[in-house]
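Since the structure comes first, as structure tokens, the remarks are kept for the end.
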Amino acid sequence: MNRLENIEEMKKHIQQLKNNGEDEAIFNYVKNNIPRHTMHSYMLECNKNNMNNPAIRLSSYRLTYQQFDYEISRYAKGLLAMGIKKGDRVALLLPNLPTSTIIIYALNKIGAISFNIDPSSKPDRIKYFLEKVKISSIICFDKIYGDTIKPNLDFIRGELNIDKILIPTLGDSLNLFEKLIVNLKDKNKIDISTVETSHGKIELISIPELLKNSKYTISYTNPYTEGEIASICHSSGTTGLPKILPSTNENCNFISFQHQLLEDDANWNKIKTMLHILPGFAKFGFTDNMHLGHVFGLELIEVPIFSHEFIIDTMLKCKPNCVIAFPSFCVRLVEDPKYANIDLSFLEEFTYGGGQLTIEQVNKINRFLITHGAHCLLRTGYGLSELDGTCILEDPFTSTKGSCGTDLIGGKGIIIDPNTLKEVPNGEIGELWFTKGSFPVTEFEGHPILNISTYNGEEYLRTGDNFIKNSNGEYFFQGRISNMICRFDGYKVFPSALEQTITSSKYIEDALVTSYYEEEKFGDMTLAYIVLSENSLNISYDIIIEDIIEKIINNRKLSFRDIPRKIKIVNEIPLTKAYKKDYITAKNNGLSGNEITIITNETNIGIESHKIIYPNNFQKIKRNSLHL
-17 MNRLENIEEM KKHIQQLKNN GEDEAIFNYV KNNIPRHTMH SYMLECNKNN MNNPAIRLSS
43 YRLTYQQFDY EISRYAKGLL AMGIKKGDRV ALLLPNLPTS TIIIYALNKI GAISFNIDPS
103 SKPDRIKYFL EKVKISSIIC FDKIYGDTIK PNLDFIRGEL NIDKILIPTL GDSLNLFEKL
163 IVNLKDKNKI DISTVETSHG KIELISIPEL LKNSKYTISY TNPYTEGEIA SICHSSGTTG
223 LPKILPSTNE NCNFISFQHQ LLEDDANWNK IKTMLHILPG FAKFGFTDNM HLGHVFGLEL
283 IEVPIFSHEF IIDTMLKCKP NCVIAFPSFC VRLVEDPKYA NIDLSFLEEF TYGGGQLTIE
343 QVNKINRFLI THGAHCLLRT GYGLSELDGT CILEDPFTST KGSCGTDLIG GKGIIIDPNT
403 LKEVPNGEIG ELWFTKGSFP VTEFEGHPIL NISTYNGEEY LRTGDNFIKN SNGEYFFQGR
463 ISNMICRFDG YKVFPSALEQ TITSSKYIED ALVTSYYEEE KFGDMTLAYI VLSENSLNIS
523 YDIIIEDIIE KIINNRKLSF RDIPRKIKIV NEIPLTKAYK KDYITAKNNG LSGNEITIIT
583 NETNIGIESH KIIYPNNFQK IKRNSLHL
């Protein structure tokens, strides 16, 4: 693995500071030594001695880093010929393909700004993005053009004055033979030519045409300028309109830089290939997957189809050393009988993010990894799109079970009481405030986009997440503040803590905790979605519910008031497009009348009794099936 020349010296200096207990000095040292590079030049600098190593692959299409950069330069000249220039904001609606990654680096090379948009977005949301960010050019994958861009052509030509749209295809990321096969099978090929709108013509440009035009264009490489915007991503927008999140080159490079400064991990020294799963519109996919992989000189195996089965099948076929995934993928891998006998001996690093797994789920996944030959345990952490990716990372071998780990070098968090706005002692719950050596962009188009507060003279991002921090500096996630449930009696229920306890039952595979309005109480009560495990087959529901109640009562960190009033049994937990638990949808779905009700006779010191009430026609003994 190649690194910047002074990385090893920096690591030695950081270790000296760590031995002296100078945490603040470490933070300032990293902050003052951020590499002064654009994304593209940083990637090249880190790989200058690795140019013959493989960089990217899809099927039999493979490029070395030398070929990769050659293509980046060709595309950059083609984009210039298309009229795209430094500072232009370019909308990208692209799946994970070699062409997509080349385009991102090519735009950065000429100083244009890539705005990665979720390709599955509906036309109205696409229009919102294009208008909000004041897009000057569009690059759209051919298979999604008709559903996303075509309905907005009048707006694009009339209001944005865009007269050219670049249309990449799958064939552009394949070798000649594979391209011919794909083209022969493609019965829904769009006509890449000129389209008419009520405001004039729009020229659709193919990649071959773009590269043809590049021959007649003078090359240009944008020099590094401090604080220059390099990319824009967006949040999922599950609570309303999505946030627009711009990042500088420093922001985009910082995650990779932090990982370079970590103490050597034996597994990482063995990693040559990485599965590129995560989408580029999310910061976790953009900085922690795509860019980090190329900075570390890995070969990225592109996964253009975002489905569990396709991802797992690609992993088993291509055998990557490193997989960075999301919670539901990890669960599917170990639960699907189809994968019961797979060989994972190629795996050296397995990390997940974008949501939380329970301790029981992590333990089950780790047992699966060990018994199937993997050379690693599941790693997790914590990060935010607003902070450009990962902020906290665990060591799966040494970290306390249930923790997200500790601050990455160059970042620091504090736990704040939201009422007093003072830091709380270790072991007490509060809101996580976080700062980094590369602080995020706080405004867009003159408007604040982040919740920033000052503490002891330093700016922090208020994450909106509840955490507990122990004396070792480890963080324990307690749930979103916005997800916290305030019962009718004022008691606060923290969904994440309750979900962890519910899923500690051997009968429960997964859980989501939300609330509903209880008319009899004139306030909110707790509703738990549960997914049953294989252990629940032919088990009485009475036994399952009693087990949940017992585990809540016996948990010293919970109260009898945490016992859910309603339990809804489902086949799967609702998820957002980013594969996080979708609390908004769960709450909005409300009650259907098929929920199990738990009536508790509560006193000030506990519950005197409880009873379980089932809806009409509810079978107490499960059928030999999990499909309800």
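Position 570 of the sequence shown, counting from 1, maps to 552 under the working numbering, and the rest follow consecutively. The C-beta atom is built at its ideal place from N, Cα and C for all residues, glycine as well. Small disclaimer: the values here were computed from a predicted structure and weren't measured.
May I ask you to report which of helix, strand or coil DSSP gives K55? In the sequence as presented, Lys is not what sits at residue 55; that position holds Ser. Reduced to three states, the DSSP call for S55 is helix.
For I85 and A212, the rounded distance between their alpha carbons: In this structure, the CA atom of A212 is about 13 Å from the CA atom of I85.
Helix, strand or coil: how does DSSP classify V285 here? coil
So, using beta-carbon positions, are I628 and V305 closer together than 8 Å? For residue 628 there is no data in the structure shown, the boundaries of the chain being -17 and 610.
Ignore the nearest five residues each way along the sequence and tell me which others in L223's own chain have a CB closer than 8 Å to its CB. Excluding sequence positions up to five before and after L223, its CB lies within less than 8 Å of the CB of Y110, all in the same chain and listed in chain order.
Classify Q460 as helix, strand or coil using the three-state DSSP reduction. strand
Please state whether DSSP places V475 in a helix, a strand or coil. Three-state DSSP puts V475 in a strand.
Outcome for D325 when other beta-carbon atoms lying within 10 angstroms are tallied against a minimum of 16: exposed
DSSP three-state call for E376: helix, strand or coil? coil
Buried or exposed: where does E368 fall if 16 or more other Cβ atoms within 10 Å of its Cβ makes it buried? Under this definition E368 is a buried residue.
Would you mind sorting F449 into buried or exposed? The rule is 16 or more other CB atoms within 10 Å of its CB. buried
Just the Cα atoms here: how many angstroms apart are N90 and L61? 11 Å
Look up S213 in the DSSP assignment and say whether it is helix, strand or coil. strand
How would you label P430, buried or exposed, when you count the other beta carbons within 10 angstroms and need 16 or more for buried? exposed
Starting from the C-beta of A7, find all residues in its chain whose C-beta is less than 7 Å away, skip the five residues before and the five after it, and write them out in chain order. L(-1)
Where F476 and F50 are concerned, what is the direct C-alpha to C-alpha distance, given to the nearest angstrom? It is roughly 48 Å from the alpha-carbon of F476 to the alpha-carbon of F50.
Who are the near neighbours of S41 in its chain, counting only those whose CB is closer than 7 Å to its CB and skipping five residues on each side? L156, E160
The beta strand (DSSP E) enclosing R71, as first and last residue numbers: 71 to 75
Would you mind stating whether K114 and I226 have Cβ atoms separated by less than 8 Å? yes
So is R349 buried or exposed if we call it buried at 16+ other beta carbons inside 10 Å? exposed
Whole angstroms are fine: how far does the CA of T199 sit from the CA of T220? Note that T220 has pLDDT 49, beneath the 50 cutoff, so the model's placement of it is unreliable and the number below is only indicative. Distance between the alpha carbons of T220 and T199 is about 43 Å.
So what does DSSP say about P36, is it helix, strand or coil? strand
Taking 8 Å as the threshold (C-beta atoms), are P319 and F288 in contact? One thing to note: F288 has its Cβ no nearer than 8 Å to the Cβ of P319.
Sequence-distant residues of its chain with Cβ nearer than 8 Å to F9 (five each side left out): G392, G393, K394, G419
Which residues in the same chain as V277 place their Cβ atom closer than 7 Å to its Cβ, once the five residues preceding and following it in sequence are excluded? Y24, M25, C28, S238
Use the C-beta contact count for D447: other C-beta atoms within 10 angstroms, 16 or more gives buried, fewer gives exposed. Flag for D447 reads buried.
Would DSSP call T221 helix, strand or coil? Bear in mind that the predicted position of T221 carries a pLDDT of just 47, short of 50, making it too unreliable to give a figure here.
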